[in-house]
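The working numbering puts the first residue of the sequence shown at 7, with every later residue one more than the last. The structure appears right after this line, and notes come after that.
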Amino acid sequence: MNEDSMGSVNSTTNSNGLGLSTGFSHAGVAGSITAEMKLLRDLHLKISSIDDPMKLQEVVEIVESCGKEYWTVDNGVSFDFDLCKLNSHAIKRLKVAVLNFL
Numbered sequence: 007m008n009e010d011s012m013g014s015v016n017s018t019t020n021s022n023g024l025g026l027s028t029g030f031s032h033a034g035v036a037g038s039i040t041a042e043m044k045l046l047r048d049l050h051l052k053i054s055s056i057d058d059p060m061k062l063q064e065v066v067e068i069v070e071s072c073g074k075e076y077w078t079v080d081n082g083v084s085f086d087f088d089l090c091k092l093n094s095h096a097i098k099r100l101k102v103a104v105l106n107f108l
């Protein structure tokens, strides 16, 4: 998912206190949220609320599998990525993983 498929996208971060930050926000027309954007928003909220280091590591491994250009490490403390830039395969894997965490 990228700007072309979703319209205007701004990145925001929300840290869960364990060094993993995700980004997602929609800067389009009010009320125009699509099912795809709702999924990304829901994933963002669920990932941001994970407090189990083992579950966070699984999220990190899924994102890392997308390639280095999709994530960064900030001072060795924070693993940052933007959900809107991940490919659909990674989003599906994250969705399955997060659902299994619940």
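Yeah, the Cβ is synthetic: ideal placement off N, Cα and C, and Gly gets one too.
Query	Result
What do you reckon, are the CB atoms on L46 and V69 nearer than 8 Å?	no
Do N53 and V65 have their C-beta atoms closer together than 8 Å?	Reading off the sequence, residue 53 comes out as Ile, not Asn. Yes, these two residues count as a Cβ contact at 8 Å.
For M43, count neighbouring C-beta atoms within 10 Å of its own C-beta (all shown protein chains included) and say buried if the count is 16 or more, exposed if not.	buried
Quick check on V83: does DSSP put it in helix, strand or coil?	coil
Does DSSP classify D48 as helix, strand or coil?	helix
What separation, rounded to the nearest whole angstrom, lies between the Cα atoms of D58 and H95?	24 Å
Give me, in chain order, the residues of the same chain whose beta-carbon lies closer than 6 Å to that of A103; leave out the 5 immediate sequence neighbours on both sides.	E64
Using a 10 Å radius around the Cβ and a threshold of 16 neighbouring Cβ atoms, would you call L51 buried or exposed?	exposed
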